[in-house]
Amino acid sequence: MRRKWPKPNDVEESFLVATYRSGRWGRFDGGGMVEKFEKDFAEYHQAKYGVAVFNATIGLMLAYMSLDLSFGDYFVVPSYTFIATATAGVVIGLKPVFVDIDFDTLTIDTNNLAEILERDKENKIKLVVPVHFAGNPSEMDLVIKISRDHNAYVVEDAAQAQGSEYRGRKVGAIGDMGVFSFQSSKLMTAGEGGIIVTNNENYYEKLWSIHHAGRSMDGRWYEHVRIGLNARMLEFQAAILLPQLWSLDQTLLKIRRNASIIYEELSNEESLYIHKIPRHVKTNHYFIPISIEEKFYGKLTKEKIVEKMREKGFSIVEGYKMPLYKQQAFYEERWGLPIDEYKNTYNPNAEKACRLTMWIPHYELLEDEEYVIKYVRTLKEVVKDLLR
Ligand SMILES: Cc1ncc(COP(=O)(O)O)c(C=O)c1O
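Be aware that the sequence shown starts at 49, since it is given in our numbering, and climbs by one per residue.
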């Protein structure tokens, strides 16, 4: 099958070549692409500040490091997410507590979040990380209210949510800060890349410092005021990302138009469950999640559907196959994690999504209307054939 994403284009290529020829390849070589990208990306997402980094895993780690947290503190993450949401905290001594998702939106279940924080009588939980899964914004008003009542910070894992909106506001800087990814499959990509956005100057200065070996903005080259890393984005990454940012609205327009064809075509499919997009949010449709209706499970499995679609030249993604608390990584003794708690954790909705939910990738929506209609009708055919 031909490689569908990323799609090279002349504008990005010319930016990339110009950056290469300039010899200014790192942000402190006197380039300017990274700084420009930080400014424009933050502004687009209605945030005052941005710190660009080389991927979002490190971006999440920096975000957690910039908060006033101590070794051994707990933080809440959904069990239905990419593992980095949790591991970025583990490597700096934090302990994840896994919260369930709402099956309709596949984002954090705020009732379960409230229960978890209510149970935490000793206030060990200091941070909550809602994930805007598939670009669908989490229920931020409630997440923030519940978290603040418990004196917990809120970091948005917006890795998948470039351009998504919650109640008319772009996601990312609704909580204390948010982290976006530009890894290969994302809607904006440089192969790898990430950015942290925030409206808080204090966090910004800390993030900038940590991503730059712990230097301070007004300090000297060999003065380090805190423990930091080198997490700086390359000029090449920013050179490719800038034109993508400038055309993001156009990209979203196309994706959203084509997504409505998919939703319309699938609306009467008895064997498939179409997840809800609340009226007060706007997703970027990084993925369109669709699930097999429980009673058709067996004849229909995501593996079978994915394979049949692939045979016909179309992509659909199997998605996460186990909730995070079942991942062997969290059972490694060295991290001092609450392994017994993980053994006893059971998030029914995350389990259900792992069994039944597939994802239509955004790049299948970047084609013309005719293609999208062919895509969705093929999907319906595949399902029908499997049910025979
Ligand atoms: C929800 C989520 N969080 C974090 C990440 C980590 O991003 P990166 O691959 O840029 O490190 C990803 C994706 O890759 C993701 O989907």
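Note that the Cβ used here is the ideal one computed from N, Cα and C, for glycine as well.
The beta carbons of residue 203 and residue 225 sit closer together than 9 Å.
Rounded to the nearest whole angstrom, the CA to CA distance from residue 265 to residue 271 is 10 Å. Taking residue 140 as the centre and dropping the five residues before and after it, the same chain places the C-beta of 109, 112, 113 closer than 7 Å to its C-beta, in chain order. Boundaries for residue 153: no alpha helix (DSSP H) harbours it, and the DSSP string shows neither H nor E there. Inside the stretch 318-370, DSSP marks whole beta strand (DSSP E) runs of 3 or more residues at positions 320-322, 335-340, from first to last along the chain.
Our two residues, residue 130 and residue 397, have alpha carbons roughly 16 Å apart in a direct line. Closest by C-alpha distance to residue 329, out of 213, 124, 84, 344, is 213. Considering only 295, 69, 364, the residue with the shortest C-alpha distance to residue 59 is 295.
In the pairwise beta carbon analysis, the stretch 309-328 is classified as not touching the stretch 118-125: fewer than three pairs are separated by under 8 Å. Under the Cβ criterion (8 Å, minimum of three pairs), the stretch 376-393 counts as touching the stretch 142-160. Distances from the alpha-carbon of residue 300 to those of 334, 288, 151, 276 put 334 closest.
Between residue 158 and residue 188, the alpha-carbon positions lie close to 9 Å from each other. Within its own chain, the residues whose Cβ lies closer than 7 Å to the Cβ of residue 411, once the five positions on either side in sequence are excluded, are 52, 53, listed in chain order. Taking the Cα of residue 373 as reference, the smallest distance to any Cα among 382, 356, 399, 364 is reached at 399. A direct Cα-to-Cα measurement between residue 253 and residue 267 gives close to 12 Å. A heavy atom of ligand 1 is found nearer than 8 Å to the CB of residue 233. In this structure, residue 223 places its C-beta atom within 9 Å of the C-beta atom of residue 178.
Within the DSSP secondary-structure output, residue 143 pairs in a beta bridge with 122.
Residue range 58-70 is occupied by the alpha helix (DSSP H) that includes residue 64. At the C-beta level, residue 286 and residue 66 stay beyond 9 Å of one another. Secondary structure of residue 189 (DSSP, three-state): helix. DSSP places residue 421 within a helical segment (H, G or I) once states are collapsed to three. Where residue 168 is concerned, there is no enclosing alpha helix (DSSP H), because DSSP gives it neither an H nor an E. Residue pairing for residue 260: DSSP places it in a beta bridge opposite 278. In the displayed model, residue 218 falls within a strand according to three-state DSSP. Close CB contacts of residue 173 within its chain, under the 8 Å cut and outside five residues either way in sequence, are with 121, 122, 123, 124, 145, 164, 165, 198, 200 (chain order). A distance below 8 Å between beta-carbons, with the five flanking residues on each side excluded, links residue 430 to the following residues of its chain, in chain order: 353, 356, 357, 360. In this structure, DSSP gives residue 230 a state outside helix and strand, which the three-state scheme calls coil. In this chain, residue 205 is not harboured by any alpha helix (DSSP H); it is covered by the beta strand (DSSP E) spanning 201-205. Counting along the chain, residue 372 sits inside no beta strand (DSSP E), nor does DSSP assign it H or E at all. With respect to residue 156, residue 136 sits apart: the two C-beta atoms are not nearer than 9 Å. Membership of residue 87 in the alpha helix (DSSP H) is indicated by the continuous run 81-92. Only residues of its own chain outside the window of five on either side were considered, and among them 147, 194 have a CB closer than 6 Å to the CB of residue 161, listed in chain order.
A straight line joining the alpha-carbon of residue 413 with that of residue 85 spans about 26 Å. Annotation: the continuous beta strand (DSSP E) that includes residue 409 extends over 405-409. Relative to ligand 1, the nearest heavy atom lies less than 8 Å away from the CB of residue 227.
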